[in-house]
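S.K.: Numbering (full-length UniProt numbering), first residue to last: 1 to 227. Once you've had a glance at the structure underneath, I'll fire off some questions.
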Amino acid sequence: LRVAFTRLDLPNCSVNALEVYAGRVPLAGDWDAARAAAGSPSLVRRYCDETVHPDWIVASASAGLTLRLRTTRHVRAGTVDFAYYSDAAKYRCGHVRDPGVLRAPSFLFSDGSAPTEAMAADVECTWHIVPRPPAGLVVDAVGLVFSRVDLAGATVRIRDGLDEASPLLWSCTGCEEVPPIITSSAGALSVRLETSRTPAGTGFEARYYSAYAGSRGVGDSWLPLYA
């Protein structure tokens with residue numbers, strides 16, 4: 001289970017904060033009582049003020065995480081925007097609304113199935129990769145790296161931009177080989193998956209990174225380098 005923040009701005013740390021607990025806390029009524037009933041999961045991180053793209057939070061999918069946002073009615077333009085990913089089986093393609101939008105500077109996503117399970121049947125899903133760098137900076141390029149590909153019974157199309165008229169960078173039906181790194185010069189990528197009624201493949205997992213002034217890029221704590 002991994003969590004990546006796109007934006008985190010909570011002014012006045014004394015009253016506004018995002019707390020991360022190592023475990024699940026089913027909330028029903030009083031927070032302290034609910035946490036105690038869940039075995040008192042430990043507080044692992046606390047965020048406040050403006051934090052520009054903090055490092056990923058990584059945890060066991062079986063143990064889970066609880067994110068608790070605490071604010072007052074007087075919070076000034078506070079913003080919390082994050083994405084999470086797990087390699088467990090997910091609803092459809094991993095997002096409720098289509099297209100799924102990925103805004104973190106770098107992150108990972110998959111077709112939505114568990115690594116050893118077949119893809120969902122008869123689905124059409126789109127991901128828009130639109131990294132948001134710190135204010136005042138512009139994304140120069142976006143790189144996409146596949147770690148596994150098994151598209152038996154499915155097609156993936158990747159475009160250099162967000163609409164159907166954007167240049168096609170890669171298209172594959174039924175392939176099982178990982179393609180070379182795919183790079184966008186438009187600062188955004190569109191990934192489209194279509195599956196048949198009886199897909200046999202286990203789908204894909206991919207990671208992207210964005211390049212801009214001061215970005216960390218491939219091979220750091222945000223995005224491990226595949227050799």
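Think of the CB as a built atom: it goes at the ideal place given N, C-alpha and C, for glycine as much as any other residue.
#1: For residue 213, which residues of its own chain have a beta-carbon under 6 Å away from its beta-carbon, when the five flanking residues on both sides are left out?
#2: State the DSSP-derived secondary structure class of residue 56, mapped to helix, strand or coil.
#3: Could you spell out where the alpha helix (DSSP H) holding residue 103 opens and where it closes?
#4: First and last residue of the alpha helix (DSSP H) that includes residue 2?
#5: Which one of 49, 45, 93, 79 has the shortest CA to CA distance from residue 66?
#6: Kindly indicate which three-state DSSP category residue 70 falls into: helix, strand or coil?
#7: Just the C-alpha distance for residue 175 and residue 73, rounded to the nearest angstrom, thanks.
#8: Whose C-alpha, out of 81, 90, 195, 13, is nearest the C-alpha of residue 112?
#9: Just the Cα atoms here: how many angstroms apart are residue 203 and residue 169?
#10: Please go through the same chain and pick out, in chain order, the residues whose beta-carbon is closer than 7 Å to the beta-carbon of residue 40, but skip the five residues on each side of it.
#11: In whole angstroms, what is the alpha-carbon distance linking residue 155 and residue 123?
#12: Report yes if the CB atom of residue 183 is closer than 7 Å to the CB atom of residue 153, and no otherwise.
#13: Short check: CB of residue 207 to CB of residue 108, under 7 Å?
#14: Distance check for residue 141 and residue 80, CA to CA, integer angstroms please.
#15: So, are the CB atoms of residue 237 and residue 190 less than 7 Å apart?
#16: Under 7 Å Cβ to Cβ from residue 38, same chain only, skipping five residues before and after it: list those, please.
#17: If we ignore side chains and look at the alpha-carbon of each, how far apart do residue 179 and residue 192 end up?
#18: Can you look up residue 159 in the DSSP assignment and give me helix, strand or coil?
M.R.: Let's see:
#1: For the purposes of this step, residue 213 is identified with residue 213 of the sequence shown, where counting begins at 1. Residues 137 of the same chain have their beta carbon placed closer than 6 Å to that of residue 213, with the five preceding and five following residues left out of the count.
#2: Taking the sequence shown and counting its residues from 1, the one referred to as residue 56 is at position 56. The answer is coil: DSSP assigns residue 56 none of H, G, I, E or B.
#3: Here residue 103 refers to the residue found at position 103 when the sequence shown is read from its first residue. No alpha helix (DSSP H) contains residue 103, which DSSP labels as neither H nor E.
#4: On the sequence shown, residue 2 is found 2 positions in, with the first residue counted as 1. Note, residue 2: premise wrong, no alpha helix (DSSP H); beta strand (DSSP E) at 2 to 10.
#5: For the purposes of this step, residue 66 is identified with residue 66 of the sequence shown, where counting begins at 1. The shortest Cα separation from residue 66 among 49, 45, 93, 79 belongs to 45.
#6: Reading the sequence shown from its first residue, position 70 is the one you call residue 70. Strand.
#7: In the sequence shown, counting from the first residue as 1, residue 175 sits at position 175. In the sequence shown, counting from the first residue as 1, residue 73 sits at position 73. Straight-line Cα distance between these residues: approximately 53 Å.
#8: The count along the sequence shown starts at 1 and reaches residue 112 at position 112. For residue 112, the nearest C-alpha among the options comes from 90.
#9: Numbered from its first residue, the sequence shown carries residue 203 at position 203. Numbered from its first residue, the sequence shown carries residue 169 at position 169. Distance between the alpha carbons of residue 203 and residue 169 is about 19 Å.
#10: In the sequence shown, counting from the first residue as 1, residue 40 sits at position 40. Excluding positions up to five away in sequence, the list is empty.
#11: One-based indexing of the sequence shown puts residue 155 at position 155. One-based indexing of the sequence shown puts residue 123 at position 123. Cα-Cα distance, rounded: 11 Å.
#12: Counted from its first residue, the sequence shown places residue 183 at position 183. Counted from its first residue, the sequence shown places residue 153 at position 153. No.
#13: Here residue 207 refers to the residue found at position 207 of the sequence shown. Here residue 108 refers to the residue found at position 108 of the sequence shown. Taking the C-beta atoms as reference points, residue 108 is found nearer than 7 Å to residue 207.
#14: Translated into positions along the sequence shown, residue 80 becomes position 80. Translated into positions along the sequence shown, residue 141 becomes position 141. Computed Cα separation, rounded: 25 Å.
#15: Residue 237 is absent from the model: the chain starts at 1 and stops at 227.
#16: Locating residue 38 in the sequence shown gives position 38, counting from the first residue. Result list for residue 38: 23, 24, 25, 26, in chain order.
#17: Taking the sequence shown and counting its residues from 1, the one referred to as residue 179 is at position 179. Taking the sequence shown and counting its residues from 1, the one referred to as residue 192 is at position 192. Distance from the CA of residue 179 to the CA of residue 192, rounded to the nearest whole angstrom, comes to 16 Å.
#18: As a position in the sequence shown, residue 159 is number 159, starting the count at 1. Strand at residue 159.
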